[in-house]
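Residue numbers (this note's numbering): 4 to 160. Let me begin by presenting the structure, written as structure tokens, before commenting on it.
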């Protein structure tokens with residue numbers, strides 16, 4: 004079971020990164036002028052917001068399944084929380100990776116809410132761009148790249 008969920012989590016990483024790039028690309032496009040009598044405005048690439056939120060949500064869901072149910076690293080950390088800070092591998096998986104990915108989920112949500120409540124289309128696009136870039140940076144820094152001490156393979160089969 005652990006291997007299957009980890010496989011899904013690994014491949015969802017790439018879907019998430021593609022959605023991050025798509026969200027950033029469309030957030031860079033100029034915003035259309037809103038009609039004077041319109042209640043709202045349509046942003047280019049708004050669909051990518053949904054893709055990004057879906058990708059991050061699925062990543063978080065599979066991550067939480069691993070975290071609370073299947074991972075030996077987090078089982079050790081939950082049994083002995085003090086040791087989680089002392090052992091580098093346990094600290095990375097139980098605290099740093101999980102915390103950073105939760106922060107990325109929050110930044111995607113913040114981007115969406117701030118864009119939806121922006122008074123102008125230009126401000127909405129700017130907010131999306133800034134927060135999507137922040138989220139992407141957080142995700143990229145929290146991925147266990149193969150060259151890191153806690154690295155994992157880029158692709159699992």
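Cβ coordinates follow ideal geometry from the N, Cα and C atoms, glycine included. None of these values were measured; they are calculated from a predicted model.
Check: Where does residue 85 sit, in a helix, a strand or coil, going by DSSP?
Finding: Taking the chain shown and counting its residues from 1, one reaches residue 85 at position 82. It is helical.
Notebook entry, point to check: Among 53, 80 and 87, which one has its Cα closest to the Cα of residue 19?
Noted result: Numbered from 1 along the chain shown, position 16 holds the residue referred to as residue 19. Ranking 53, 80 and 87 by Cα distance to residue 19 puts 53 first.
Check: Do the region 11–28 and the region 49–64 make contact, defined as three or more Cβ pairs closer than 8 Å?
Finding: yes
Margin query: Quick check: the Cα distance between residue 105 and residue 72, rounded to an integer number of angstroms?
Written below: Here residue 105 corresponds to residue number 102 of the chain shown, with the count starting at 1. Here residue 72 corresponds to residue number 69 of the chain shown, with the count starting at 1. Near 17 Å, if we compare the C-alpha coordinates of residue 72 and residue 105.
Check: Ordered along the chain, which non-local residues of its own chain (more than five positions away) have a Cβ less than 6 Å from that of residue 158?
Finding: For this step, residue 158 is matched to residue 155 along the chain shown. Once the five neighbours on either side are set aside, residue 158 has no close Cβ partner at all.
Notebook entry, point to check: Among 16, 74 and 67, which residue has its Cα nearest to the Cα of residue 102?
Noted result: As a position in the chain shown, residue 102 is number 99, starting the count at 1. Among 16, 74 and 67, the Cα nearest to that of residue 102 belongs to 67.
Notebook entry, point to check: In three-state DSSP terms, what is residue 51?
Noted result: Here residue 51 corresponds to residue number 48 of the chain shown, with the count starting at 1. Helix at residue 51.
Note to self: Less than 6 Å between C-beta atoms, sequence neighbours within five positions excluded: which residues of the same chain meet that for residue 62?
What the structure shows: As a working note, residue 62 is residue 59 in the chain shown. Taken in chain order, the residues that qualify are 15 and 19.
Margin query: Taking the straight line between their C-alpha atoms, what separation do you get for residue 149 and residue 13?
Written below: Along the chain shown, one-based indexing puts residue 149 at 146. Along the chain shown, one-based indexing puts residue 13 at 10. In a straight line, the C-alpha of residue 149 is about 12 Å away from that of residue 13.
Note to self: Which of the three DSSP states is assigned to residue 39 in this structure?
What the structure shows: By 1-based counting over the chain shown, the position of residue 39 is 36. Only weak support exists for where residue 39 lies, its pLDDT of 47 falling under 50; the value from the coordinates is given anyway. Three-state result, residue 39: coil.
Note to self: I want to know whether the region 118–130 touches the region 88–103 - three or more CB-CB distances under 8 Å.
What the structure shows: no
Margin query: If you follow the alpha helix (DSSP H) that residue 144 is in, where does it begin and where does it stop?
Written below: On the chain shown, residue 144 is found 141 positions in, with the first residue counted as 1. Its alpha helix (DSSP H) spans residues 124–145.
Check: What do you reckon, are the CB atoms on residue 11 and residue 77 nearer than 7 Å?
Finding: As a working mapping, residue 11 is identified with position 8 in the chain shown. As a working mapping, residue 77 is identified with position 74 in the chain shown. Not in contact: residue 11 and residue 77 (Cβ atoms no closer than 7 Å).
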